DNA sequence: CATGCGGCGGAGAGCGCTCTCCGGCCTTCG
DNA sequence: CGAAGGCCGGAGAGCGCTCTCCGCCGCATG
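Residue numbers (UniProt numbering), protein chains in the order written: chain Y, 1 to 350; chain X, 1 to 350.
Structure follows, in structure tokens:
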């Protein structure tokens with residue numbers, strides 16, 4: 001562990017630039033950071049010296065004094081136990097959702113020169129290690145995507161005083177900033193669409209009951225249905241995975257063979273549901289209309305193309321980044337939540 | 001930019017621990033890093049002092065002297081222009097492949113306490129900025145996934161003397177370490193499978209001709225077919241995306257309506273191909289057998305389930321991490337390549 | 001008993017940067 | 001014409017850590 005880099009051609013330092021430009025270190029620093037008025041002529045000279053020497057500031061040195069790293073942690077907090085439907089660690093990341101979050105974050109982070117450091121919290125140990133890690137001040141803040149029910153991380157992080165923003169409402173009420181979509185309103189869009197199509201025997205495949213998204217979508221859907229006189233909507237819980245959706249759809253068809261419309265709480269499950277419907281000879285949307293949630297890539301990969309409630313994941317992630325950067329700039333800032341609107345993307349399945 | 005953190009309760013430093021334990025800074029450092037023999041009794045005392053004070057080493061300070069960051073860059077280098085089939089930045093990341101690489105890397109990186117910093121190089125400017133960035137010594141090495149044809153980054157990185165490992169063979173010969181699969185052997189598996197099934201009018205949807213993977217899979221497939229007396233295999237170039245696969249499949253069916261077996265150079269395209277085949281009333285595998293490549297999540301999301309050539313992406317990524325860490329430990333090391341075997345995953349489509 | 005040597009703790013010099021403080025100069029105003 | 005104030009560059013003190021060097025001590029060896 002004591003390996004230092006071979007001496008080699010040492011990187012130029014501020015000192016070198018200063019000497020080359022015939023000014024003091026402080027002045028070079030000021031020019032490089034644009035931090036105070038510096039005589040234009042001197043500025044030019046310094047710029048040239050920087051070019052000539054090929055100087056790049058050393059981040060560690062800068063961080064040591066500013067206590068700023070210009071890095072944030074992008075943490076995915078996931079359940080410790082793999083479920084039947086999701087046996088692999090890899091699965092967490094093979095969900096396209098993951099990539100969309102990253103993409104959205106980067107649109108905001110890159111122009112500001114902030115780098116995301118990827119971290120995975122998949123056990124209670126990992127969560128604590130992570131907090132210790134973050135206390136090493138090698139990160140300015142945390143963008144947390146938690147899909148672990150009853151996750152302790154939001155709490156641990158706020159407790160540690162780390163600027164944190166969540167993707168999606170925390171499952172227990174905690175004073176913490178987050179971005180989310182209007183889940184219930186989204187579910188309502190789905191309900192209205194199904195009703196407008198003339199569906200009368202409507203059922204739903206819900207997300208896990210221990211996830212806020214699962215709860216909200218189900219609640220929103222039921223409420224909207226109730227408003228239209230449908231007092232009761234049969235539902236089956238699924239695990240937000242494709243095979244979970246298949247299993248749920250089978251169960252639903254068994255108990256409610258006359259189903260003519262299904263709201264499925266996410267696209268992955270909806271994709272599974274479509275497979276089962278086809279397998280059982282039901283035409284979609286003629287016999288059974290299907291609406292998903294997310295508008296993920298699965299929605300366009302499925303046949304028929306999935307009508308779904310669009311969640312603007314990239315925009316949400318971008319906003320998460322903005323909130324986080326603001327919070328880092330001023331930690332005393334009030335916590336905030338930003339709720340995004342959903343839209344119904346009408347394709348073929350409903 | 002001049003925001004310092006409010007003073008607050010300062011983090012304990014080595015100095016604090018040393019004082020509390022009644023020893024010198026150096027000794028505490030030695031205990032914390034396990035770097036030299038220290039009297040067991042003193043070791044114990046120091047440990048306790050560390051616990052008592054809640055000390056965590058400051059990474060920036062450590063990095064400043066060791067020139068080690070314990071972070072690597074995970075760089076995705078992608079084409080500047082979006083293609084018709086892939087118009088969005090987000091798409092790069094919504095490919096499940098991305099997540100699988102991350103998952104594999106983490107299995108090796110985490111136990112070693114190394115963090116991946118996510119970076120995206122999507123333009124020539126971005127690539128140069130990235131190199132400058134890396135020269136700030138805020139990263140020990142680079143794991144590069146390049147899907148940009150003729151990418152300059154592998155060259156720029158080696159030139160800059162940064163420890164680098166590629167995922168997949170570089171498109172131009174460059175002295176650089178990489179991991180890859182035996183693409184041609186994989187394509188051969190597909191060929192043999194199709195032939196064994198009795199397919200006689202075999203065609204293929206190739207990947208982009210300017211990507212090594214695209215070339216190799218096509219070459220390997222053709223060679224294997226030739227070995228079995230099939231001198232010529234009609235092929236259409238696709239873009240490695242689902243709609244690219246659809247387009248290619250349509251074209252293929254138009255020119256070669258008697259096709260009874262198709263090797264598709266990746267699963268995403270194969271998924272598109274399956275849709276087109278169904279749409280045109282061809283049964284899979286009875287009328288047309290289809291084999292994909294990758295064994296990505298798309299293979300299991302499609303119906304019929306896709307028979308495909310498995311690429312052990314997670315294992316490859318893990319090996320990439322191992323190679324990189326070794327290279328970082330000893331930069332004078334010879335460059336190496338590790339080639340993984342493919343296997344045929346037999347499902348329903350062939 | 002003198003000498004050598006290995007083991008182990010302490011002292012202190014940086015790593016490269018930022019930032020406060022100071023002082024010189026120029027401008028401005030009484 | 002003198003004092004006050006503003007602007008801008010330089011000096012220098014750290015930030016928290018590692019690591020080399022030094023010196024002490026205890027033991028083995030001649």
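Each residue gets a CB set at the ideal place from its N, CA and C atoms; glycine is no exception.
Remember, predicted model here, so these are calculated numbers, not experimental data.
message: Residues in the same chain with beta-carbon distance under 6 angstroms from residue 151 of chain X, minus the five sequence neighbours each way, listed in chain order, please.
response: 77
message: Is residue 80 of chain X near the ligand PLP - that is, is its Cβ less than 7 angstroms away from at least one heavy atom of it?
response: With respect to the ligand PLP, the structure offers nothing, as it holds no ligand at all.
query: So, is the C-beta of residue 83 of chain Y closer than 8 angstroms to a C-beta in chain X?
result: Per-residue confidence for residue 83 of chain Y stands at a pLDDT of 45, beneath the threshold of 50, marking its modelled position as unreliable; no derived number is given.
message: For a contact defined as C-beta to C-beta under 9 angstroms, what are the partners of residue 181 of chain Y on chain X?
response: The premise fails here: residue 181 of chain Y is roughly 17 angstroms from chain X at the closest Cβ pair, so nothing lies under 9 angstroms.
query: Tell me the DSSP bridge mates of residue 116 of chain X?
result: X/72
- prompt: Sorted by chain position, which residues of the same chain lie with C-beta nearer than 7 angstroms to residue 335 of chain Y's C-beta, five sequence neighbours on each side aside?
  reply: 175, 176 and 177
- request: Would you mind reading off the limits of the alpha helix (DSSP H) that contains residue 158 of chain X?
  value: In the DSSP assignment, residue 158 of chain X falls within the alpha helix (DSSP H) that extends over 153-159.
query: Cα separation between residue 183 of chain X and residue 168 of chain X?
result: Between residue 183 of chain X and residue 168 of chain X, the alpha-carbon positions lie close to 10 angstroms from each other.
- request: Could you tell me the distance, in whole angstroms, from the CA atom of residue 222 of chain Y to the CA atom of residue 228 of chain Y?
  value: Answer to the nearest angstrom: the Cα atoms are 10 angstroms apart.
query: Hey, out of X/65, X/257 and X/29, whose CA is closest to residue 281 of chain X's CA?
result: X/257
task: List the residues of chain X whose Cβ lies closer than 8 angstroms to the Cβ of residue 46 of chain Y, in chain order.
output: Within chain X, no residue comes near residue 46 of chain Y; the closest Cβ sits about 18 angstroms away, beyond 8 angstroms.
- prompt: Which of the three DSSP states, helix, strand or coil, is assigned to residue 356 of chain X?
  reply: Because chain X in this structure spans residues 1 to 350, residue 356 of chain X falls outside the shown range and cannot be described.
- prompt: Expressed to the nearest angstrom, what Euclidean distance is found between the alpha-carbon atoms of residue 86 of chain Y and residue 241 of chain Y?
  reply: The predicted model places residue 86 of chain Y with a pLDDT of 44, which falls under 50 and marks its position as unreliable, so this point remains unresolved.
message: Alpha carbons only, please: which of Y/204, Y/247, Y/250 and Y/164 is nearest the one belonging to residue 232 of chain Y?
response: Among Y/204, Y/247, Y/250 and Y/164, the Cα nearest to that of residue 232 of chain Y belongs to Y/204.
message: Given this structure, state the Cα-to-Cα distance separating residue 68 of chain Y from residue 117 of chain Y, to the nearest angstrom.
response: 14 angstroms
task: Just tell me which of Y/287, Y/126 and Y/110 has its CA closest to the CA of residue 130 of chain X.
output: For the residues Y/287, Y/126 and Y/110, the minimum Cα distance to residue 130 of chain X belongs to Y/110.
message: Can you tell me whether residue 149 of chain Y is buried or exposed? The criterion is at least 16 other CB atoms within 10 Å of its CB, across all chains shown.
response: Residue 149 of chain Y should be labelled exposed.
- prompt: To the nearest whole angstrom, what separates the beta carbons of residue 265 of chain X and residue 238 of chain X, a pair I think is in contact under 8 angstroms?
  reply: 7 angstroms
Neighbouring residues, chain Y, relative to residue 136 of chain X (Cβ below 8 angstroms): What residue 136 of chain X touches in chain Y: 56, 57, 58 and 59.
- prompt: What are the start and end residues of the alpha helix (DSSP H) that includes residue 29 of chain X?
  reply: 25-33
query: For residue 88 of chain Y, is the classification buried or exposed, using 16 other Cβ atoms within 10 angstroms of its Cβ as the cut-off for buried?
result: Any reading at residue 88 of chain Y must be qualified, since the residue scores a pLDDT of 42, below 50, and its modelled position is unreliable; no value is offered.
query: CA-CA distance, residue 347 of chain Y and residue 331 of chain Y?
result: 44 angstroms
task: Could you check how far apart the C-beta atoms of residue 50 of chain Y and residue 17 of chain Y are, in whole angstroms? I think they sit under 8 angstroms.
output: 6 angstroms
- prompt: From which residue to which residue does the alpha helix (DSSP H) around residue 286 of chain Y run?
  reply: Neither: residue 286 of chain Y is in no alpha helix (DSSP H) and is coded neither H nor E.
Classification of residue 333 of chain Y by the beta-carbon crowding that lies within 10 angstroms, buried from 16 upward: exposed
- prompt: Does the region 34-44 of chain X touch the region 58-75 of chain X, meaning 3 or more C-beta pairs lie closer than 8 angstroms?
  reply: no
field: Beta-carbon proximity of residue 289 of chain Y to residue 349 of chain Y, cut-off 8 angstroms
entry: Taking 8 angstroms as the cut-off, the Cβ atoms of residue 289 of chain Y and residue 349 of chain Y count as close.
message: With three or more C-beta pairs closer than 8 angstroms as the rule, is the region 313-332 of chain X touching the region 260-278 of chain X?
response: no
query: When DSSP labels each residue in this structure, what does residue 103 of chain Y get in the three-state scheme?
result: helix
message: Need the endpoints of the alpha helix (DSSP H) that residue 196 of chain X sits in, please.
response: 183-196
message: Beta-carbon within less than 7 angstroms of residue 207 of chain Y's beta-carbon, same chain only, minus the 5 sequence neighbours each way: which residues are those?
response: 213, 214, 217, 238, 240, 265 and 266
task: Specify, as a first and last residue, the run of the beta strand (DSSP E) that residue 235 of chain Y falls within.
output: 235-237
message: For residue 167 of chain X, would you say it is in contact with chain Y, using Cβ-to-Cβ distances shorter than 8 angstroms as the test?
response: no
task: Output the boundary residues of the beta strand (DSSP E) element that contains residue 17 of chain Y.
output: It is not in any beta strand (DSSP E) - residue 17 of chain Y instead sits in the alpha helix (DSSP H) that spans 14-21.
- prompt: Name the chain X residues whose beta carbon is nearer than 8 angstroms to that of residue 318 of chain Y?
  reply: Within chain X, no residue comes near residue 318 of chain Y; the closest Cβ sits about 11 angstroms away, beyond 8 angstroms.
task: Indicate the three-state DSSP secondary structure (helix, strand or coil) for residue 209 of chain Y in the structure shown.
output: coil
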